[in-house]
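Structure record follows, encoded as structure tokens.
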Amino acid sequence: DSLCANHKAAQSSLKLIWEHKSEDGYYKMQFGPLCSGPTGAVNDMIQVFNMFQVATISRGAFLSDGTRYPYLCRTSPSLQFVADGIAHLVMLFGWSQVGAVQDTRSLSASTVVEFKARVKKAVEDGYEFDQDFLAANHYTIDGKNFNEEDIAKTFKAKSVKVALIALYEDVGAPFYCQLAKHGYSGSVGMSTILALSWWGDSWIAEQVEEQQANHNNDPTTVGPPACSAQEIYTAAQYMFSMGQTAFLQSPQLHSITGVSLQSIYDTYLSDCIADTAEGCHFDFAAYDYDGLALVAKAFHTWIYEDGHSLDEIDYVNVNPQKELYEIVKGMNFLGVS
Numbered sequence: 521d522s523l524c525a526n527h528k529a530a531q532s533s534l535k536l537i538w539e540h541k542s543e544d545g546y547y548k549m550q551f552g553p554l555c556s557g558p559t560g561a562v563n564d565m566i567q568v569f570n571m572f573q574v575a576t577i578s579r580g581a582f583l584s585d586g587t588r589y590p591y592l593c594r595t596s597p598s599l600q601f602v603a604d605g606i607a608h609l610v611m612l613f614g615w616s617q618v619g620a621v622q623d624t625r626s627l628s629a630s631t632v633v634e635f636k637a638r639v640k641k642a643v644e645d646g647y648e649f650d651q652d653f654l655a656a657n658h659y660t661i662d663g664k665n666f667n668e669e670d671i672a673k674t675f676k677a678k679s680v681k682v683a684l685i686a687l688y689e690d691v692g693a694p695f696y697c698q699l700a701k702h703g704y705s706g707s708v709g710m711s712t713i714l715a716l717s718w719w720g721d722s723w724i725a726e727q728v729e730e731q732q733a734n735h736n737n738d739p740t741t742v743g744p745p746a747c748s749a750q751e752i753y754t755a756a757q758y759m760f761s762m763g764q765t766a767f768l769q770s771p772q773l774h775s776i777t778g779v780s781l782q783s784i785y786d787t788y789l790s791d792c793i794a795d796t797a798e799g800c801h802f803d804f805a806a807y808d809y810d811g812l813a814l815v816a817k818a819f820h821t822w823i824y825e826d827g828h829s830l831d832e833i834d835y836v837n838v839n840p841q842k843e844l845y846e847i848v849k850g851m852n853f854l855g856v857s
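Next up, the structure:
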């Protein structure tokens, strides 16, 4: 587990490569990490070993630089696509004044940066958007200078009617709760555009349970928990969700595995709600399934159609890395994501 830390990801991957013992002693590729920063750090490290990499849910726009991060393929869309979608939504409704709130994670900050770049381009193309308003109403929830209630009260005081929300759900849930507590959502308050896609299908229930547990375990906390599920839902129902991931549920067959998309979802749901399971992560699982299918298909093509052997992968030969990368770049298939 990289713990979303660059140094942990690089150290763990290098340790695995060093300690790996198998018939030929070589890993064939790198799968992951999840977070974008560690993915970039690991990509730097594995170039020494000429390894091909697939990272399923790393969405940082900086990873799109193929020269800086070579032989890296992703199955989830980059943040540029999310930012494009948000900008199109803003222009579709003719909004000219939009606020923004983020947490301290790098993905959150990158989302706002990408959105600002899109609206700047839209202004240059003639769209009337108040960039000064966005700059004056862009806040970071860091738990020190600003918390969730501070921003909710500030947005209400400044009559911000539309806001870009670049928050992870552990910060987003209490923020929506505070919007409800201060009566500032929907037609009488503020509409929000959620720009991150790590929010699972049951995020409200999960966050209420987690915050309740934290409340119970902290002896210094007095009074009831800050948020209830109803309070969060009251404000969150006015959310536009951009980039929310989910399983595509359809009778159509997955192009690689041949399993119906509905069956893939049903099987995952059955497995993840079992008593022995750790829970469901619909926001990750679809991309992981397609990523694993992509890897299997790429190696099948490379070995059985192009006539190669796994013996060719020895950390020295540069050709397998390039060949597998080109195979994946040319793949187009119907998947669950």
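Residue numbering for the sequence shown follows this note's numbering, starting at 521 and increasing by one per position. We put the CB at the ideal spot given by N, CA and C, even for glycine.
Residue i and residue j look like a contact to me (Cβ under 8 Å); what is the Cβ gap, rounded to whole Å?
i       : j       : result
Asn-657 : Ala-620 : 7 Å
Gly-855 : Ser-775 : 7 Å
Ser-857 : Thr-595 : 6 Å
Ala-749 : Ala-725 : 6 Å
Val-574 : Gly-811 : 5 Å
Cys-747 : Gln-731 : 6 Å
Tyr-546 : Ile-823 : Contact doesn't hold; Cβ gap of about 15 Å is too wide.
Using a threshold of 9 Å, state whether the C-beta atoms of residue i and residue j are closer than that.
i       : j       : result
Leu-844 : Tyr-647 : no
Leu-684 : Ile-606 : yes
Met-762 : Leu-609 : yes
Ala-805 : Tyr-788 : yes
Thr-482 : Ala-603 : Since the first residue shown for the chain is 521 and the last is 857, residue 482 is missing from the structure and cannot be characterised.
Ile-661 : Val-618 : no
Lys-676 : Met-710 : yes
Ser-705 : Phe-653 : no
Gln-600 : Ser-584 : yes
Met-571 : Val-815 : no
Phe-853 : Lys-817 : yes
Asp-831 : Ile-847 : no
Val-565 : Leu-536 : The sequence given here has Met at residue 565, not Val. No, Cβ-Cβ distance for Met-565 and Leu-536 is not below 9 Å.
Ser-707 : Cys-800 : no
Trp-719 : Asp-623 : no
Glu-689 : Gln-727 : yes
Phe-649 : Ala-642 : yes
Ser-790 : Ser-780 : no
Thr-631 : Ala-525 : no
Val-682 : Ile-713 : yes
Can you tell me which residues form a DSSP beta bridge with residue i?
i       : result
Gln-573 : Gln-550, Leu-592
Thr-712 : Ala-683, Met-759
(request) Tell me the start and end of each unbroken alpha helix (DSSP H) in the segment 585-632 that is at least 4 residues and wholly inside, in chain order. (result) The qualifying runs are 599-613.
(message) Check whether the segment 827-839 and the segment 752-771 touch, using three or more Cβ-Cβ pairs below 8 Å as the test.
(response) Contact between the segment 827-839 and the segment 752-771 is absent, because fewer than three Cβ pairs lie under 8 Å.
(request) Return the chain-ordered ranges of every beta strand (DSSP E) run that is complete within the segment 754-794 and spans a minimum of 3 residues. (result) Runs found: 759-761.
(message) Tell me whether the segment 669-678 and the segment 629-648 touch, counting them as touching only if at least three CB pairs, one residue from each stretch, are closer than 8 Å.
(response) Touching, no.
(request) Please confirm if the segment 727-738 is in contact with the segment 576-591, defined as three or more CB-CB distances below 8 Å between the two stretches. (result) Segments in contact, no.
(message) Below 8 Å, how does it come out for the segment 689-705 and the segment 749-756: are there three or more Cβ pairs, yes or no?
(response) For the pair of segments examined, the segment 689-705 was found to touch the segment 749-756: the number of CB pairs separated by less than 8 Å reaches three.
(message) For the segment 539-558 against the segment 778-787, do three or more pairs of beta-carbon atoms, one drawn from each stretch, fall closer than 8 Å, so that the two count as touching?
(response) As far as the Cβ criterion goes, the segment 539-558 does not touch the segment 778-787, which means the pair count is below three.
(request) Scan the segment 650-677 and note each continuous beta strand (DSSP E) run of 3 residues or more that stays entirely inside, going in chain order. (result) Counting whole runs of 3 or more residues, the segment 650-677 contains the beta strand (DSSP E) stretches 658-660.
(request) May I have a chain-ordered list of the beta strand (DSSP E) segments no shorter than 3 residues that lie completely inside the segment 824-853? (result) With a minimum length of 3 residues, no continuous beta strand (DSSP E) run stays inside the segment 824-853.
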